[in-house]
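Presented below is the structure to which this report refers.
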Amino acid sequence: MKAAERLLNEYPVLFVTRREGSLWSDSGVNSSNLPHGCYAVPVEYHDEAARAIRKGIRRLTGRRVAVVICDTEVFPGSSVDVARGSYGMAA
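Mapping of the sequence shown onto the numbering used here: position 9 corresponds to residue 12, and the numbering continues sequentially without gaps.
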């Protein structure tokens, strides 16, 4: 884990092509909004994750909502939000 942390600190942005040609900064590994030393790895199937979240909200509230899973990609001098998955609406 120390090697991965060192790599992430040495290279501020890594670009990787992943599934269906999607571009991910830092291979999708994210440490924002997490305790120091903790990292989040993206789920493999974002549409399925959105479906599970939608079902959970429906079970807890009785409401039908659309769920969009987004990721912020940071580029030098700018950033853009990318929808990675959705459920409950036409994409």
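The beta carbon of each residue, even a glycine, is placed where N, CA and C say it ideally should be.
Item	Value
Where does residue 36 fall in DSSP's three states?	coil
Identify the continuous alpha helix (DSSP H) that holds residue 54 and give its terminal residues.	49 to 64
Can the beta-carbon of residue 95 be found less than 9 Å from the beta-carbon of residue 87?	For the chain, the structure presents residues 4 to 94; residue 95 sits outside this window and is missing.
Please classify residue 91: does DSSP put it in a helix, a strand, or coil?	coil
Between the alpha carbons of residue 76 and residue 46, how many angstroms are there, rounded?	16 Å
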